[in-house]
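Residue numbers (the working numbering): 502 to 859. Note that the Cβ used here is the ideal one computed from N, Cα and C, for glycine as well. Note sheet for the following structure.
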RNA sequence: GCUGGGGUGGCGGAGUGGACAAUCGCAUUUCUCUGUAAAAGAAAUGUCCGAAAGGGCUACAUAGGUUCGAAUCCUGUCCCCAGCA
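Structure follows, in structure tokens:
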């Protein structure tokens with residue numbers, strides 16, 4: 502059995518658990534009271550984004566990011582490796598990956614280094630409950646040689662991150678969890694190597710990194726299996742950026758117990774709401790093949806629907822408002838539509854995780 | 001009643017003799033969204049045939065006319081708007 506409890510300064514969370522993405526310290530459209538009411542146990546913030554945007558003095562003043570956000574739940578900080586890679590690839594930011602770290606060129610004659618050590622150091626300042634090491638993202642199109650290089654760099658950075666982490670948390674009673682990230686793309690021997698080497702370095706858990714989707718959006722679970730098989734008992738296994746409800750179910754069966762993803766919130770903002778195919782919460786059966794549906798909120802055909810979006814949900818939207826009213830809010834472009842839909846989807850995910858835990 | 005302006009696809013609004021089944025915006029429908037550049041993006045939207053390329057038909061108030069060719073020019077009619085009576 503993998504780790505079952507996530508203990509943190511304000512309490513403990515039974516796993517598996519889903520941590521929605523509050524990348525910049527907020528879940529878009531929601532405040533943390535809303536998030537709390539969806540029974541979401543924790544959120545994930547992004548180190549790279551906050552490193553760029555957050556006034557460093559804020560953390561000295563508040564002590565940690567959770568207090569700043571007024572969020573009692575757990576907080577995981579992602580290292581930023583994924584964002585940096587994808588933003589450099591899309592040309593959003595200028596930068597290069599070197600052994601030293603990520604070299605950024607934010608302007609003329611300006612050079613910034615976002616190193617593994619800096620990532621850890623900043624995460625310690627954030628005071629999050631799980632710290633994720635900076636990894637070198639393996640591009641899904643990588644050749645074996647390129648994938649191997651990214652694994653080697655990921656391991657190099659992982660060792661340095663661990664060292665930095667030990668240095669900064671030495672003598673502390675309460676330390677955050679430290680998560681290593683497995684790279685290697687579709688090359689299973691590299692995934693295995695990466696997993697084993699990370700375990701040797703010693704972490705509290707490992708993350709399934711990279712981009713495991715094919716062009717049709719289907720997940721290849723082979724690397725997740727390799728990671729799970731080569732990880733000791735008691736480790737957290739984090740499906741980074743996973744995902745769709747059925748993919749989470751599958752990953753839990755492979756031993757994964759922590760997830761984060763933008764899907765519930767982004768899809769909610771785009772008018773897509775997840776609903777269990779059941780009359781009530783008690784009757785939800787996630788073992789069924791089609792255990793959920795997707796409700797498209799802004800269709801004209803919903804305009805006269807006075808029923809709730811779901812009877813197997815107890816969120817603010819489903820308890821108080823009709824499909825027709827939600828459609829109206831989407832149609833007029835009012836942000837309340839996005840708020841209610843985000844709340845609903847987060848509750849869907851928290852119910853899903855409750856069901857997976859039993 | 002007179003004078004002037006105008007009537008374009010579900011709506012708004014371009015076009016003002018050939019490249020117009022008609023730019024664009026909105027709307028509608030469908031699809032996409034996976035460690036958040038995302039309140040975002042893509043496609044379709046007269047009709048018929050075709051898997052497609054493509055082709056046929058019908059359309060720019062209405063009835064005629066000019067022209068090889070008209071949403072675009074001319075005439076009648078109907079309707080709308082502004083000013084004057």
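message: Check whether the region 847 to 859 and the region 785 to 795 are in contact - that is, three or more C-beta pairs closer than 8 Å.
response: A contact exists between the region 847 to 859 and the region 785 to 795.
- request: Pair every Cβ in the region 539 to 546 with every Cβ in the region 597 to 605, then say whether three or more of these pairs are closer than 8 Å.
  value: A contact between stretches requires three or more CB pairs, one per stretch, nearer than 8 Å, and the region 539 to 546 fails this requirement with the region 597 to 605.
- prompt: Which of the three DSSP states, helix, strand or coil, is assigned to residue 631?
  reply: Strand, per DSSP.
message: Taking a contact to mean a Cβ-Cβ separation below 8 Å, would you say residue 781 touches residue 807 in this structure?
response: Contact flag unset, no.
- request: Kindly give me the distance between the Cβ atoms of residue 583 and residue 632, rounded to whole angstroms, as I take these residues to be in contact under 8 Å.
  value: For residue 583 against residue 632, the beta-carbon gap comes to about 15 Å, at or over 8 Å, which does not count as contact.
- request: Return the chain-ordered list of same chain residues with a C-beta closer than 7 Å to the C-beta of residue 598, the five sequence neighbours on each side being excluded.
  value: Answer for residue 598: 637, listed in chain order.
- request: Note down the Cα distance separating residue 673 from residue 832, rounded to an integer number of angstroms.
  value: Each residue's Cα considered, the two are about 53 Å apart.
- request: On the DSSP bridge assignment, give the partners of residue 578 in chain order.
  value: DSSP, once it has assigned bridges, lists 546 and 632 as partnering residue 578.
message: Let me confirm a value: residue 522 is counted as buried when at least 16 other C-beta atoms fall within 10 Å, else exposed. Which label applies?
response: Burial call: buried.
field: Extent of the continuous beta strand (DSSP E) run through residue 692
entry: Note, residue 692: premise wrong, no beta strand (DSSP E); alpha helix (DSSP H) at 689 to 702.
message: As a quick exercise: from 590, 676, 568 and 851, pick the residue whose alpha carbon is nearest that of residue 621.
response: Shortest Cα-Cα distance from residue 621 to any of 590, 676, 568 and 851 involves 676.
Unbroken beta strand (DSSP E) run spanning residue 666, endpoints: It is not in any beta strand (DSSP E) - residue 666 instead sits in the alpha helix (DSSP H) that spans 645 to 670.
query: Is there contact between the region 737 to 749 and the region 810 to 826, where contact requires at least three CB pairs shorter than 8 Å?
result: Pairwise C-beta distances place the region 737 to 749 out of contact with the region 810 to 826, as fewer than three of them are shorter than 8 Å.
message: Based on DSSP bridge pairs, tell me the residues matched to residue 776.
response: Residue 776 pairs with 794.
field: Proximity below 8 Å, CB of residue 738 to CB of residue 756
entry: Between residue 738 and residue 756, the CB-CB gap stays under 8 Å.
- prompt: Per DSSP, residue 522 is paired with what?
  reply: Its beta-bridge partners are 545.
field: Simplified DSSP state of residue 771, which is helix, strand or coil
entry: In this structure, residue 771 counts as coil in the three-state DSSP scheme.
message: With distance defined between alpha-carbon atoms, name the residue in 618, 619 and 594 nearest to residue 608.
response: Minimum Cα-Cα distance from residue 608 among the listed residues 618, 619 and 594 corresponds to 594.
- prompt: Hey, how far is the Cα of residue 655 from the Cα of residue 682?
  reply: Take the alpha-carbon of residue 655 and the one of residue 682: they are about 8 Å apart.
message: Count Cβ pairs between the region 683 to 692 and the region 641 to 659 that sit closer than 8 Å; are there 3 or more?
response: Yes: at least three Cβ pairs fall under 8 Å.
Residue interval of the beta strand (DSSP E) (run including residue 513): First-last of the beta strand (DSSP E) with residue 513: 512 to 515.
task: Please work out which residues of its chain come closer than 8 Å, Cβ to Cβ, to residue 800, disregarding the five sequence neighbours upstream and downstream, and give them in chain order.
output: Within the same chain, Cβ atoms closer than 8 Å to the Cβ of residue 800 are found at 828, the five residues on either side in sequence being excluded.
message: Looking at residue 776: is its Cβ nearer than 8 Å to the Cβ of residue 792?
response: Contact: no.
query: Is the distance from the Cβ of residue 779 to the Cβ of residue 752 below 8 Å?
result: Result no, Cβ atoms of residue 779 and residue 752 do not sit closer than 8 Å.
message: Please tell me whether residue 619 and residue 661 are closer than 8 Å, where the distance is taken between their beta carbons.
response: Result no, Cβ atoms of residue 619 and residue 661 do not sit closer than 8 Å.
Alpha-carbon to alpha-carbon, residue 552 and residue 711: In a straight line, the C-alpha of residue 711 is about 22 Å away from that of residue 552.
- request: Run the CB neighbour count on residue 697, radius 10 Å, all protein chains shown included, and call it buried at 16 or more, exposed below.
  value: Counting Cβ neighbours within 10 Å, residue 697 comes out exposed, since fewer than 16 surround it.
message: Under DSSP, the alpha helix (DSSP H) around residue 509 begins and ends at which residues?
response: Taken as a continuous stretch (DSSP letters only), residue 509 belongs to no alpha helix (DSSP H), being part of the beta strand (DSSP E) at 506 to 509.
- request: Going by DSSP, name the residue or residues bridged to residue 681.
  value: DSSP, once it has assigned bridges, lists 707 as partnering residue 681.
message: With H, G and I counted as helix, E and B as strand and the rest as coil, what does DSSP make of residue 531?
response: Under the three-state reduction of DSSP output, residue 531 falls in the coil class, being neither helix nor strand.
field: N- and C-terminal bounds of the beta strand (DSSP E) containing residue 597
entry: Element bounds for residue 597: 596 to 599.
task: Starting from the Cα of residue 524, find the closest Cα among 508, 506, 570 and 771 and give me that residue.
output: With distances taken between CA atoms, residue 524 lies nearest to 570 out of 508, 506, 570 and 771.
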